[in-house]
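A short write-up of the structure that comes next.
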DNA sequence: TCAGATAGGGATAAATTTATCCCATATTTG
DNA sequence: CAAATATGGGATAAATTTATCCCTATCTGA
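Below you can see the structure in the form of structure tokens.
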């Protein structure tokens, strides 16, 4: 992994949840595992934008943080299944609320996000006329 | 800022909320502004681990995403106040839920996070004996 | 008059996270 | 036999985010 040089803060609840949930694909992994997509290859297909590598890395972290459990079946070709722990399941309502907020405000969010992205690229070209 | 080279995904609610909420201090900024700490210097004091620079950057993004509003008073020395927009206020219950989850599981989270950090640094030294 | 408070941002370095590429194993299918 | 499926991780490059340093401006109080 990577040994941090800047110490982590664990002062408040937001620090703590941030530590286990930051990571580009972690929330989706938890969500899809909860929906029953338990095998790495299934998760990979559900999240095609992520590389296999990074999904493995983030799955490992979720496991280290005891949000999911990994079962390796001793067969060939290999078979692996992830499941949410009881602890991990307590996050599902929260993830649901996050996704719902995003869906509820989809129009507005797409607008402001796009606007901002355009403003940045316009800024880069502002000296060209 | 930084013009992205990898395109942003805006496919689902989780993508959307991620776009506006990712950033090391954004959630805390929203929370403290909601608690009444509206001036940049107050926010800086509430979040001493963040540099002034990065707080400004993240405040700018929150403003661009219309989660907060900025009022500049034409006085000297300068005075600025941020407020949540109605849109921004809809995030408060969600942020509250995130923080509560972290607080509710504080013990366990501190344990697994610390364990993982130690495992990483141990791995780094595993060839030294 | 110098220190400190207030606010903002450019330039650049450092830290951290993701992406890419490649290799390994063994079975099943065409 | 070649190709596909399944899973995992080392090595390294690239992308992205944060941190540091420094400069600007004005007012207030010691």
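Protein chains in written order, with this note's numbering: chain A, 7 to 135; chain B, 7 to 135. Quick reminder that beta carbons are idealized off the backbone N, C-alpha and C, glycines included. Note that the structure is a prediction, hence the values are computed from the model and not measured.
Residue environment, residue i, which counts as buried when at least 16 other CB atoms sit within 10 Å
| i | result |
| --- | --- |
| residue 59 of chain A | exposed |
| residue 67 of chain B | buried |
| residue 46 of chain A | buried |
Member of the options whose CA lies at the smallest distance from the CA of residue i
| i | options | result |
| --- | --- | --- |
| residue 62 of chain A | A:82, A:81, A:86 | A:86 |
| residue 69 of chain B | A:10, A:122, A:12 | A:122 |
| residue 55 of chain A | B:84, B:101, B:45, B:13 | B:13 |
| residue 39 of chain A | A:71, A:83, A:75 | A:75 |
| residue 110 of chain B | A:11, A:18, A:10 | A:18 |
| residue 71 of chain A | B:124, B:106, B:57 | B:124 |
Spatial neighbours of residue i in its chain, beta-carbon cut-off 8 angstroms, leaving aside the 5 residues before and after
| i | result |
| --- | --- |
| residue 73 of chain B | 26, 36, 90, 91, 93, 94, 97 |
CB contact flag (residue i, residue j, <9 angstroms)
| i | j | result |
| --- | --- | --- |
| residue 88 of chain A | residue 77 of chain A | yes |
| residue 8 of chain A | residue 119 of chain B | no |
| residue 3 of chain B | residue 128 of chain A | Limits of chain B in this structure are 7 at one end and 135 at the other, which puts residue 3 of chain B out of reach. |
Beta-carbon contacts of residue i that lie in its chain and below 6 angstroms, excluding the five residues immediately before and after
| i | result |
| --- | --- |
| residue 134 of chain A | Because residue 134 of chain A sits at a pLDDT of 40, beneath the cut-off of 50, its placement in the model cannot be relied upon, and the following sentence gives the value as read from the coordinates. Taken in chain order, the list of residues that qualify is empty. |
| residue 15 of chain B | 21 |
| residue 83 of chain B | none |
Close Cβ partners of residue i (< 7 angstroms) along its chain, the five nearest in sequence each way excluded
| i | result |
| --- | --- |
| residue 215 of chain A | This structure leaves residue 215 of chain A out entirely; chain A is present only between 7 and 135. |
| residue 43 of chain A | 49, 52 |
| residue 108 of chain B | 115 |
Would the segment 110–119 of chain B and the segment 15–34 of chain A be scored as touching if the rule is three or more Cβ pairs under 8 angstroms? Yes, since at least three Cβ pairs between the segment 110–119 of chain B and the segment 15–34 of chain A fall closer than 8 angstroms, the two stretches touch.
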